[in-house]
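The structure appears below as structure tokens.
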Amino acid sequence: MADTVSHNYYPPGVKLPHFVPNEDSVISLIARFGALWVAVSIGATFLIRRLDLKTSFADQVTFVWMCLTGWIHLFFEAHFVLNHVELAGDQSLFGQLWKEYSLSDSRYLTSDSFLVSMEAVTAFCWGPLAFFIAYCIAVKHPLRYALQLIISVGQVYGDVLYYATSLLNIEYCRPERYYFWFYYFFFNFIWMVVGCCCIWHAVIKIWEAFGKLEQLETSQKRK
740 MADTVSHNYY PPGVKLPHFV PNEDSVISLI ARFGALWVAV SIGATFLIRR LDLKTSFADQ
800 VTFVWMCLTG WIHLFFEAHF VLNHVELAGD QSLFGQLWKE YSLSDSRYLT SDSFLVSMEA
860 VTAFCWGPLA FFIAYCIAVK HPLRYALQLI ISVGQVYGDV LYYATSLLNI EYCRPERYYF
920 WFYYFFFNFI WMVVGCCCIW HAVIKIWEAF GKLEQLETSQ KRK
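Under the numbering used here, the first residue of the sequence shown is numbered 740, with each subsequent residue one higher.
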């Protein structure tokens, strides 16, 4: 009987024996999660401006992004990793959000090995690293650009793998366009776009630094 629990996930036959419908409405869940995004972003903006008013706009934006993505990785995605077995019955805010998102990819409710592994790396590697990069930006530590390149490549690569495996298992997504384009495509595409921008920024800065070093070495040899 447990395997026949009624749910709205695809494919219709997917077994979710612990499933319990969400208590809160979709609007309430998205509004509360959005409020957390805004609170973290405003707090990070206030912090970086308080620490150094001369920080460039690009560095301020990157600082805020690292704090926001670090928070999402270390708390929201870690919640999935730590609770994936019982996630289908989880009624906490993050649990309900994951159940809502899972309408676009029900593998999240089946303890899919790839998703658990990928999210574990994202949560416990990229999460703390994002906060450390934010610290490096605040104190103007030169290691920031190398670490920014590492985390951004990791995030983009993770998104590419996720998109690929999801499209190969598209039957786990409900057929409505809303779930495919808004939940599945849009929310993940944010990390693709921002990640590529961070990669480009880091590469340019590292390129400029090595270019100046080579010029200095060349000038010293001529002397």
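Glycine is no exception: its CB is placed at the ideal position from the N, C-alpha and C atoms.
Three-state secondary structure assigned by DSSP to residue i
{"i": "VAL895", "result": "helix"}
{"i": "ASP851", "result": "coil"}
{"i": "GLN830", "result": "coil"}
{"i": "TYR918", "result": "helix"}
{"i": "ASN747", "result": "coil"}
{"i": "ILE781", "result": "helix"}
{"i": "LEU976", "result": "Since the first residue of the chain shown is 740 and the last is 962, residue 976 is not available in this structure."}
{"i": "LYS754", "result": "coil"}
{"i": "GLU825", "result": "coil"}
{"i": "VAL759", "result": "coil"}
{"i": "ALA741", "result": "Residue confidence for ALA741 is low, a pLDDT of 44 falling below 50, so the modelled location carries little weight; the figure read from the coordinates is stated next. The answer is helix: DSSP assigns ALA741 an H, G or I state."}
{"i": "LEU888", "result": "helix"}
{"i": "LEU842", "result": "coil"}
{"i": "CYS875", "result": "helix"}
Given residue i as reference, the closest of the options once Cα atoms are compared
{"i": "TYR918", "options": "TRP776, SER841, LEU906 and TRP939", "result": "SER841"}
{"i": "ASP829", "options": "PRO756, PHE802, LEU813 and VAL942", "result": "PRO756"}
{"i": "ILE781", "options": "SER795, PHE802, LEU952 and TYR911", "result": "PHE802"}
{"i": "ALA873", "options": "ILE766, VAL753, TRP804 and PHE863", "result": "TRP804"}
{"i": "LEU807", "options": "ILE945, SER958 and ILE929", "result": "ILE929"}
{"i": "TYR748", "options": "THR849, LYS793, TRP776 and ARG788", "result": "THR849"}
{"i": "SER847", "options": "GLU956, ALA941 and LYS754", "result": "Checking the displayed sequence, the identity of residue 847 turns out to be Tyr instead of Ser. Of the listed residues, the one whose Cα sits closest to TYR847 is LYS754."}
{"i": "PRO760", "options": "VAL744, PHE949 and ALA774", "result": "VAL744"}
{"i": "PHE925", "options": "CYS936, ALA941, ARG913 and TYR902", "result": "TYR902"}
{"i": "MET857", "options": "HIS880, LYS879, PRO867 and ALA817", "result": "ALA817"}
{"i": "VAL800", "options": "ILE787, GLY809 and MET931", "result": "ILE787"}
{"i": "ALA877", "options": "PHE772, GLU762 and PHE785", "result": "PHE785"}
{"i": "ALA774", "options": "PHE796, LEU832 and ASP791", "result": "LEU832"}
8 Å Cβ shell around residue i - same chain, five flanking residues per side excluded
{"i": "VAL860", "result": "GLY893 and GLY897"}
{"i": "TYR923", "result": "SER843, ASP844, SER905 and CYS912"}
CB contact below 8 Å: residue i versus chain C
{"i": "THR861", "result": "As a matter of chain content, chain C is missing from the structure shown, which is built from one protein chain."}
Own chain residues within Cβ distance below 6 Å of residue i, not counting five before or after
{"i": "GLY934", "result": "SER891, GLN894 and VAL895"}
Range covered by the alpha helix (DSSP H) that runs through residue i
{"i": "ASN822", "result": "817-822"}
{"i": "CYS864", "result": "Run containing CYS864: none; DSSP gives neither H nor E here."}
{"i": "LEU955", "result": "926-961"}
Residue i beta carbon near the ligand COA (any heavy atom closer than 7 Å)
{"i": "PHE925", "result": "In the structure on display, the ligand COA does not appear, and there are no ligands present to speak of."}
Residues near residue i in its chain [Cβ-Cβ closer than 7 Å; skip 5 each side]
{"i": "TYR884", "result": "ALA941, LYS944 and ILE945"}
{"i": "LEU882", "result": "CYS875"}
Beta strand (DSSP E) runs contained entirely in the stretch 787-814, provided each spans 3 or more residues: Listed in chain order, the beta strand (DSSP E) elements of length 3 or more contained wholly in the stretch 787-814 amount to none.
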